[in-house]
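Scroll down for the structure; my scribbles are underneath it.
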Amino acid sequence: MKKTTEKTLSKQECILYFLQQSNVTSDNNGTEKAIRNIKVNQKISAQFKSLQSANVSTVIRYIIDNSIKNGNNVLYALNKITTFGTE
Numbered sequence: 064m065k066k067t068t069e070k071t072l073s074k075q076e077c078i079l080y081f082l083q084q085s086n087v088t089s090d091n092n093g094t095e096k097a098i099r100n101i102k103v104n105q106k107i108s109a110q111f112k113s114l115q116s117a118n119v120s121t122v123i124r125y126i127i128d129n130s131i132k133n134g135n136n137v138l139y140a141l142n143k144i145t146t147f148g149t150e
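First residue of the sequence shown? That's 64 in this note's numbering, and the numbers climb one at a time after it.
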């Protein structure tokens with residue numbers, strides 16, 4: 064118990080960061096929402112026969128979610144990554 068208390072106190076600034084910053088949430092709902100679509104697709108359609116296809120799907124979902132969160136155009140972001148390096 065003493066070790067846990069010491070670790071908690073030494074990391075207090077990181078652990079309680081959300082109290083100091085109003086734009087940081089204290090839960091992980093954003094993360095859970097980000098992986099929910101992937102898990103549902105995997106279960107329903109038996110997708111992701113390989114690790115590579117799971118990784119590709121994760122990257123695409125990540126780009127879509129972050130574009131929406133930041134108020135950016137999703138199609139523009141997806142187009143940018145498909146043409147990256149060909150310009």
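Ideal Cβ positions, reconstructed from N, Cα and C, are used throughout, including at glycine.
Is it true that the CB of Ala117 sits closer than 7 Å to the CB of Ile126?
-> The count along the sequence shown starts at 1 and reaches residue 126 at position 63. The count along the sequence shown starts at 1 and reaches residue 117 at position 54. Result no, Cβ atoms of Ile126 and Ala117 do not sit closer than 7 Å.
Starting from Lys112, follow the alpha helix (DSSP H) in both directions and report where the run begins and ends.
-> If you number the sequence shown from 1, residue 112 lands on position 49. Looking at the DSSP string, Lys112 is not in any alpha helix (DSSP H), and its letter there is neither H nor E.
Supposed close pair Val137, Ile144 - CB separation, criterion 8 Å = Locating residue 137 in the sequence shown gives position 74, counting from the first residue. Locating residue 144 in the sequence shown gives position 81, counting from the first residue. The pair is not a contact, with the Cβ atoms about 11 Å apart (cut-off 8 Å).
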